[in-house]
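Quick mapping for you: the protein sequence lines, in order, are chains A and B.
622 is the number that my numbering gives to position 116 of the first sequence; each next residue is one higher, with no gaps.
727 is the number that my numbering gives to position 221 of the second sequence; each next residue is one higher, with no gaps.
A short worksheet on the structure shown next.
2 protein chains.
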Amino acid sequence: AASVSGAVKVYGKGNTSVRALDGVDLVLPRGGFTAVMGPSGSGKSTLMHCMAGLDTLTEGSAQIGGERLETLKDAALTKLRRRKVGFIFQAFNLIQTLTGRENIELPLRLDGEKPDAKWFHEVVSRLGIEDRLDHTPTELSGGQIQRVAVARALVSRPDVIFADEPTGNLDTTSGAEVLALMRAAVDEYGQTIVMVTHDPNSASVADRVLFLFDGRIVDSIEEPTA
Amino acid sequence: AASVSGAVKVYGKGNTSVRALDGVDLVLPRGGFTAVMGPSGSGKSTLMHCMAGLDTLTEGSAQIGGERLETLKDAALTKLRRRKVGFIFQAFNLIQTLTGRENIELPLRLDGEKPDAKWFHEVVSRLGIEDRLDHTPTELSGGQIQRVAVARALVSRPDVIFADEPTGNLDTTSGAEVLALMRAAVDEYGQTIVMVTHDPNSASVADRVLFLFDGRIVDSIEEPTA
Ligand SMILES: Nc1ncnc2c1ncn2[C@@H]1O[C@H](COP(=O)(O)OP(=O)(O)OP(=O)(O)O)[C@@H](O)[C@H]1O
Ligand SMILES: Nc1ncnc2c1ncn2[C@@H]1O[C@H](COP(=O)(O)OP(=O)(O)OP(=O)(O)O)[C@@H](O)[C@H]1O
Ligand SMILES: [Mg+2]
Ligand SMILES: [Mg+2]
């Protein structure tokens with residue numbers, strides 16, 4: 507569903523440059539749930555952004571649905587992302603002037619589509635945010651904002667979901683509901699998910715866990731138990 | 507060191523109003539380390555902001571160092587906060603155009619003071635961010651940004667530190683270092699800390715844990731074990 511090959515990402519130039527990705531090969535199998543763990547600064551967000559086409563690699567190639575991202579022009583890349591990719595950002599990145607509902611529906615509406623009403627309702631009620639949807643992010647708690655960001659990535663049912671620490675601001679109950687919804691997206695709808703997390707309990711919900719260190723994958727576990 | 511009495515906070519008006527705090531009495535003893543846990547949306551950030559004088563209560567009173575915050579004019583309140591309070595925000599709130607170092611030193615420089623060089627160095631090296639200090643937040647990872655926010659609250663050695671989920675974006679190792687530094691601030695320098703956290707392991711580092719639910723304190727544990 508998505509993959510990178512020989513991925514290198516260097517930020518900056520000269521002696522302040524940072525080699526955030528140092529040669530990563532990774533295939534996300536269709537319908538699989540992969541977790542990525544690693545120390546702060548090890549390149550996890552960089553990997554997510556480059557695989558999702560939100561940033562460009564310095565060397566190597568990234569593919570989504572068989573298309574090599576570096577060959578696409580801006581408009582084609584934007585359209586591919588909007589149709590095939592859902593992204594839950596570490597810093598949420600909601601639009602401050604739109605309500606929760608408008609933020610969630612935005613990707614679909616930009617494509618001229620409407621959300622599946624039944625799935626929309628299931629997602630927001632399981633996430634416990636249905637009575638806060640008419641508020642803008644400034645009127646929401648940190649965990650409510652995070653759950654709106656999760657809903658935005660789930661509701662359009664994209665082929666691939668990149669989740670960058672989707673439970674960092676949530677209590678155990680809300681966090682478990684996010685993980686259960688993501689597991690359902692994989693098991694029932696065949697979506698592909700890759701999730702960055704610092705929490706071993708969250709990682710154990712995935713089919714496999716990859717460990718990133720200094721921009722390289724250094725270990726992996728299949729069928730993890732926490 | 508800080509306290510609230512009969513604290514009520516209502517956002518909005520009419521039938522969309524939210525009673526975020528519903529009568530909270532809380533005394534933070536000088537030199538104590540208090541953790542606050544509770545579901546997403548239960549009022550934790552609201553309690554932190556009102557106790558730190560960053561927001562006003564609808565009913566009730568908040569005090570820092572014996573001064574009632576609602577009696578202070580803006581300038582006096584700002585000065586009290588800058589001198590006595592350190593705040594680690596759930597959304598970090600760093601200044602995007604300043605480097606990590608400038609962000610950390612800002613509270614002291616606004617008071618015409620300089621940081622204690624030895625303590626500054628101890629804090630940033632224990633937090634593992636010393637080689638990223640000349641970068642702005644846009645060039646830092648999520649966990650590095652969070653650690654700069656932690657350093658900003660610790661370096662000026664304020665009387666009271668309010669920490670709103672200070673480890674949410676950190677791996678276990680970095681998170682443990684943040685908690686160890688906060689424990690040192692309490693045990694060695696007699697500072698007072700109140701920390702919101704969703705993680706029971708983090709909460710067990712505190713002297714006591716309070717549980718917030720629907721804007722009320724519903725339970726508390728002394729000397730917690732995870
Ligand atoms: N400006 C506002 N206007 C309206 N409602 C608000 C506003 N700010 C917060 N709220 C609401 O007040 C309630 C408490 O918010 P608060 O941020 O204190 O929760 P919290 O316990 O910190 O949650 P989290 O764990 O998700 O960070 C939430 O339901 C939130 O939506
Ligand atoms: N625009 C940039 N310019 C320079 N360096 C950058 C930039 N963005 C990220 N970096 C650096 O690249 C490294 C990897 O960053 P990345 O955000 O991928 O880490 P991460 O694994 O997601 O960390 P965290 O767990 O803290 O979120 C970090 O050292 C970071 O400071
Ligand atoms: Mg990151
Ligand atoms: Mg909060």
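We treat Cβ as the ideally placed atom computed from N, Cα and C, and that holds for glycine.
Here the structure is a predicted model, which means the values were calculated and not measured.
A distance criterion of 8 Å places the beta-carbon of K519 (chain B) beyond contact range of ligand 1, judged by its closest non-hydrogen atom. Taking 8 Å as the upper bound for CB-CB distance, A659 (chain B) and F598 (chain B) are not in contact here, some 11 Å apart. The continuous beta strand (DSSP E) containing L716 (chain B) extends over residues 714 to 719. When distances are taken from the beta-carbon of D670 (chain B) to the heavy atoms of ligand 4, the shortest one is below 8 Å.
Between ligand 2 and R638 (chain B), a heavy atom-to-CB distance of less than 8 Å is present. Using a Cβ-Cβ cut-off of 8 Å, D677 (chain A) is close to M543, G544, P545, S546, H704 of chain B, given in chain order. Membership of E565 (chain B) in the beta strand (DSSP E) is indicated by the continuous run 565 to 570. Comparing alpha-carbon positions, the option among B:K515, B:Q602, B:S546 lying closest to V684 (chain A) turns out to be B:S546. About 5 Å separates the CB atoms of M554 (chain B) and F668 (chain B); that is less than 8 Å, so the two are in contact.
Positions of the beta strand (DSSP E) runs, each at least 3 residues long and wholly inside the region 528 to 566 of chain B, are given as 539 to 543 in order along the chain. Think of a sphere of 8 Å around the beta carbon of Q596 (chain A): the chain B residues whose beta carbon falls inside it are G648, N675, in chain order. In this structure, D670 (chain B) lies away from G549 (chain B), with their beta-carbon atoms at least 9 Å apart. The C-alpha of S680 (chain B) lies about 19 Å from the C-alpha of T552 (chain A). Any Cβ of chain A closer than 9 Å to the Cβ of K550 (chain B) would place that residue at the interface, and such an atom is present.
Exposure of S631 (chain A) is indicated by the presence of fewer than 16 other C-beta atoms within 10 angstroms of its C-beta. Under a criterion of Cβ atoms nearer than 7 Å, no residue of chain B is adjacent to S631 (chain A); the nearest Cβ is some 15 Å distant. Of the residues B:T703, B:L639, B:I651, the one whose Cα lies closest to the Cα of L676 (chain A) is B:T703. Annotation for F626 (chain B): the continuous alpha helix (DSSP H) segment containing it runs 623 to 632. Residue environment analysis places L633 (chain A) among the buried positions, since at least 16 neighbouring C-beta atoms fall within 10 angstroms of its C-beta. At a cut-off of 4 residues, the continuous stretches assigned as alpha helix (DSSP H) that sit fully inside the region 670 to 698 of chain B are 678 to 695. If you draw a straight line from the Cα of V666 (chain B) to the Cα of V533 (chain A), it is about 48 Å long. Not one heavy atom of ligand 3 lies closer than 8 Å to the C-beta of S708 (chain A). Nearest to A690 (chain A) by C-alpha distance, out of A:L563, A:V661, A:G520, A:L612, is A:V661. A buried status is given to I699 (chain A), since no fewer than 16 other beta-carbon atoms sit within 10 Å of its beta-carbon. For D725 (chain B), there is no enclosing alpha helix (DSSP H); the enclosing beta strand (DSSP E) covers residues 722 to 728. Only residues of its own chain outside the window of five on either side were considered, and among them V661 have a CB closer than 6 Å to the CB of F626 (chain B), listed in chain order. A check of alpha carbon separations from V524 (chain A) across A:T564, A:M701, A:G538 identifies A:T564 as the nearest. Contact between the region 598 to 611 of chain A and the region 578 to 590 of chain A is absent: fewer than three C-beta pairs spanning the two stretches fall below 8 Å. Residues are counted here when their Cβ sits less than 7 Å from a Cβ of chain A; for the region 653 to 675 of chain B these are E671, G674, N675, given in chain order.
Judged by DSSP in its simplified three-state form, G618 (chain B) adopts coil rather than helix or strand. Shortest gap from the CB of H641 (chain A) to any heavy atom of ligand 2: 8 Å or more. Per the DSSP secondary-structure output, G592 (chain B) pairs in a beta bridge with B:I667.
Shown in chain order are the members of the region 508 to 529 of chain B whose Cβ falls below 9 Å from a Cβ of chain A: Y517, G518, T522, V524, A526. Close CB contacts of S511 (chain B) within its chain, under the 7 Å cut and outside five residues either way in sequence, are with D531, G566, S567 (chain order). A distance criterion of 8 Å places the beta-carbon of V715 (chain A) beyond contact range of ligand 3, judged by its closest non-hydrogen atom.
R587 (chain A) has no beta-bridge partner at all, per DSSP.
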